[in-house]
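Mapping the sequence shown onto my numbering, position 15 (from 1) lands on 15, and the numbers just tick up by one.
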Amino acid sequence: MIDPGLFLAFVLAVAVLMLTPGPNVALIVGNSVAFG
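Given below as structure tokens:
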């Protein structure tokens, strides 16, 4: 079962991924994968 907070963080990461392409996206994706 996925925690609501973790799911929200993932959705936020995806939103940033779509809104702000760049080096920061790689960091966010890496963090989401690490915590996921």
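Every residue gets a Cβ at the ideal spot worked out from N, C-alpha and C, and that includes glycine.
Predicted model only: the values in this text are computed from it and were never measured.
Residue j beta carbon less than 8 Å from that of residue i
| i | j | result |
| --- | --- | --- |
| Leu53 | Ile2 | With the chain covering only 1 through 36, there is no way to say anything about residue 53. |
| Phe35 | Leu6 | yes |
Own chain partners of residue i with C-beta closer than 8 Å, once the 5 adjacent residues on each side are dropped
| i | result |
| --- | --- |
| Asn24 | Val16 |
| Gly30 | none |
Same chain only: Cβ atoms within 7 Å of residue i, ignoring 5 sequence neighbours per side
| i | result |
| --- | --- |
| Leu12 | none |
Other residues of its chain near residue i: CB distance less than 6 Å, five sequence neighbours each side excluded
| i | result |
| --- | --- |
| Phe10 | Ser32 |
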